[in-house]
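Chains as they are written, first to last, in the working numbering: chain A, 1 to 372; chain B, 1001 to 1372.
Below: the structure, in structure tokens.
Protein chains: 2
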Amino acid sequence: MNNQLQPKSHRIAILAEGSFGILASKTATVLVRYLPDNVVAVIDSAKAGRDVSEVIEIGAGIPVVRDLAEAMQFQPTMLAIGIAPPGGELPSAWRAVLREAIAGGLHVMSGLHRFLSEDAELAELAAKHDVVLWDARKPPAHLPVATCKAAEVKSTVILTVGSDCRVGKMLSGIEVTNAAKARGVRAEFCPTGQNGIMVWGWGIAIDAVVSDFTAGAAEQIVLAGTRAHDVLLVEGQGSLVHPGYSGVTLSLLHGSLPDAMIFCHQPSRDTVARYTVPLPSLLQMIAQYEMMAAPIKPAKVIGLALNCFDLSESEALAAIAAAEAETGLPATDVVRFGADKLVDAILKVHPAKSAEENEHARNKTMSHSPER
Amino acid sequence: MNNQLQPKSHRIAILAEGSFGILASKTATVLVRYLPDNVVAVIDSAKAGRDVSEVIEIGAGIPVVRDLAEAMQFQPTMLAIGIAPPGGELPSAWRAVLREAIAGGLHVMSGLHRFLSEDAELAELAAKHDVVLWDARKPPAHLPVATCKAAEVKSTVILTVGSDCRVGKMLSGIEVTNAAKARGVRAEFCPTGQNGIMVWGWGIAIDAVVSDFTAGAAEQIVLAGTRAHDVLLVEGQGSLVHPGYSGVTLSLLHGSLPDAMIFCHQPSRDTVARYTVPLPSLLQMIAQYEMMAAPIKPAKVIGLALNCFDLSESEALAAIAAAEAETGLPATDVVRFGADKLVDAILKVHPAKSAEENEHARNKTMSHSPER
């Protein structure tokens, strides 16, 4: 697992130059949401002087600053790269900022596909200044091919799936985990992407794994998560109808072998983002996930997490009611209305599995008793 | 594309120590089948002294020899690693043989996940003896995320899909390509795995690509293949019900965006090899592929390639008849009964697409004519 640095113990300046916004800088938004006490400044010259909450609605009190020099007055100990562009390349203009940060003694946290720790110039500079270049996306070496071992864990495994990228699969996983923990459930979020890893401190970015081992990586995450937890919320990736990333999605499904799924969707979206592919209906997309799970380990979608950030409250309530009517499943916007409905749905699966486990254990003991 | 060495211009000794057999050494079998004039010996001490055809039914006249020293009397110019074990590691006992081969002036061709060219000891030795370590599985750098461009090519794109690994997706692709060429069609085989790349001389091993770019790699293969060919046979990988490799399979489907699919299956197999996952019925598996294709680009399965190597001739004919009755699709064993039935099915799709293209081109010209 990837846990070289613990961001929760750092003062973080986020680099989002030229692209700070709710969706344009997803990593920045996630760090502000889940590490609000650690983020000390966001760098974007175009929005300098504003409060972070004026730009992305959360993060009140955190300033947007002009450049790294201005951010340094807030004594950061780490610079986080705030975007993850398609293809994962480092925008060339940012290299100078990274050199400046490293020379200034800051650790650097990155979720880019192109690993900073393998960049000769930056690695040499980091060694010289004794700072860590942490590539949260870099997978561990020697991952196995998946073996269906995830089907045998005692925890109840829930996978967040969805209609597209950026619809809330990570966020729903975290919110449901937190809501379950608040109700006394030994729940754990299992990150499968760089942003989740950055805020939660462990996991594997499965989209950076060689494809023969991607399902194996998902399996490893479940096997790690099950050690001390009863309910695992595995972070979904991509979508089965995404032309670029569908393979990652299916590897995750067949590697983690969930007991049930939570389907995430943005009601205002009707095509795959950046493509012209129309999204099928909710029922069709749900059926597709269930049909792909069935041959290896059947799993049902048991609830919907709708991302209504771009709708008014009444529109959001209407979208939730419509989705519930269409699917017959409980739906919520976890940010706006909380995740309790989804925790309820999970707890209906969870005791059923626990009872089955106990029954199985009792039968095993009984069948062995004559030998004792 | 990966074409560092052209195996067709070499005299090849195949290393299959301890595992030479039809399925146990799939790479060896493929090289013997498609490069029979190039393979000069197969190394397996357990079967030394026999003719290759006594072990794998093809390759008459090629000797199985005890070791590399014995193989050297046939003046090989290249040593090919004859297996591709799960996980792709190099069996440690073989390292000594590789050192001996390199020191003897042989190029080395490998399909292992662990790249020989990145092994410091072997790379240094190869440089010293001026030979190439060719990792057929090593993908090109800087592959893109898939963009649906494969849907726009003029060629008719056929993807071989299937129920499991090792059911004949590569072999069917090659046999159908050859049968189509024999009938005057400008057909091309598009390799997506190390064995296909070795025998065909180009391609990308998509299972070795980082999963975010696997569909993009499949797209690149189609874009390369379409340049001078009317019909492309894209080599399938894995299966949608394979717990380890299903993600590779789906990436290939959504990256190559075929016009139609050929479904490959071994009738005697009823579970996924090395797993306890039961195979769904033919109709269910076909429906699964068609359902996964539909949201991005609809494609039908138009024929079946059945691998009946372990059945008698009458059993094979019965299996083919049963599959045709179940699915209503033409079926054949391409090795035993030829691929013409499948070429017929493809040619029904192909002229339809060509006519559509022509119609589209004519309409385009007409709509533009007023501006001229």
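Heads up, the beta-carbon is just placed ideally off N, CA and C, and yes, glycines get one too.
Computed from a predicted model, the values in this text were never measured in an experiment.
In this structure the region 88-105 of chain A does not touch the region 59-66 of chain A; the number of beta carbon pairs closer than 8 Å is below three. In the three-state DSSP reduction, LEU68 of chain A falls in the helix class (H, G or I). The Cβ-Cβ distance between ILE174 of chain A and THR192 of chain A does not fall below 8 Å. From the beta-carbon of SER25 of chain A, no residue of chain B is found nearer than 7 Å; the closest lies around 19 Å away. Looking at the backbone, the Cα of LEU1306 of chain B and that of ASP1344 of chain B are separated by about 16 Å.
Considering only beta carbons, the part of the region 1206-1232 of chain B lying closer than 8 Å to chain A consists of ILE1206, ASP1207, ALA1208, VAL1209, VAL1210, SER1211, ASP1212, THR1214, ALA1215 and GLY1216, in chain order. Secondary structure of LYS297 of chain A (DSSP, three-state): coil.
For HIS265 of chain A, the nearest beta carbon of chain B is not closer than 8 Å to its own beta carbon. For the region 1003-1079 of chain B, the full-length alpha helix (DSSP H) segments reaching 4 residues or more read 1026-1034, 1052-1056 and 1068-1071 along the chain.
For the region 1273-1287 of chain B, the beta-carbon criterion of a distance under 7 Å to any beta-carbon of chain A is satisfied by TYR1275, VAL1277 and PRO1280. Under the Cβ distance rule, GLY61 of chain A does not count among the residues neighbouring chain B, no pair being separated by less than 8 Å.
Nearest neighbour of GLN1284 of chain B by Cα position, chosen from A:LEU317, A:THR276, A:PRO295 and A:LEU257, turns out to be A:PRO295. The straight-line gap separating the alpha-carbon atoms of GLU1188 of chain B and TRP200 of chain A is approximately 48 Å. Contact of PRO1191 of chain B with chain A is not assigned, every C-beta pair being separated by 8 Å or more. ILE22 of chain A sits close to PHE309 of chain A, with the two beta carbons spaced by under 8 Å. Straight across, the Cα-Cα distance linking HIS1265 of chain B with GLY168 of chain A is about 38 Å. In summary, HIS254 of chain A is buried, with 16 or more beta-carbon neighbours lying within 10 Å of its beta-carbon over all protein chains present. Counting only Cβ-Cβ distances below 7 Å, LEU250 of chain A has contacts in chain B at SER1246, GLY1247 and LEU1250, in chain order.
By the Cβ criterion, the region 1137-1153 of chain B is in contact with the region 1245-1263 of chain B, since at least three pairs of Cβ atoms, one from each stretch, lie closer than 8 Å. Annotated three-state conformation of SER312 of chain A is coil, per DSSP.
Per DSSP, SER246 of chain A lies in no beta strand (DSSP E) segment; the continuous alpha helix (DSSP H) that holds it begins and ends at 246-256. A contact between stretches requires three or more CB pairs, one per stretch, nearer than 8 Å, and the region 1066-1081 of chain B meets this requirement with the region 1037-1046 of chain B. DSSP, reduced to helix, strand and coil, places PHE337 of chain A within a helical segment of the structure shown. At a cut-off of 8 Å, the C-beta of ILE1296 of chain B has a neighbouring C-beta in chain A. Chain A has a Cβ within less than 8 Å of the Cβ of PRO1243 of chain B.
With 16 or more other Cβ atoms from the protein chains shown falling within 10 Å of its own Cβ, GLN1237 of chain B counts as buried. For HIS113 of chain A, the nearest beta carbon of chain B is closer than 8 Å to its own beta carbon. The alpha-carbon separation between ALA1319 of chain B and VAL1234 of chain B amounts to approximately 25 Å.
As for any beta strand (DSSP E) of minimum length 3 sitting wholly inside the region 1181-1214 of chain B, the runs are 1187-1190, ordered along the chain. Distances from the CA of ALA103 of chain A to each of A:ALA93, A:PHE74, A:ALA136 and A:ALA69 were compared; the closest alpha carbon is that of A:ALA69. Distance from the CA of LYS300 of chain A to the CA of VAL349 of chain A, rounded to the nearest whole angstrom, comes to 10 Å. Taken through DSSP and simplified to helix, strand or coil, PRO1280 of chain B comes out as coil. ILE1262 of chain B: not part of any alpha helix (DSSP H); member of the beta strand (DSSP E) spanning 1260-1265, first to last residue.
According to the DSSP secondary-structure assignment, TRP1134 of chain B is paired through a beta bridge with B:MET1109. A residue is called buried once 16 or more other Cβ atoms fall within 10 Å of its Cβ, and GLU1017 of chain B is buried on that count.
For CYS148 of chain A, the residues of chain B that pass the 8 Å Cβ criterion are PRO1243, TYR1275, THR1276 and VAL1277, in the order they occur in the chain.
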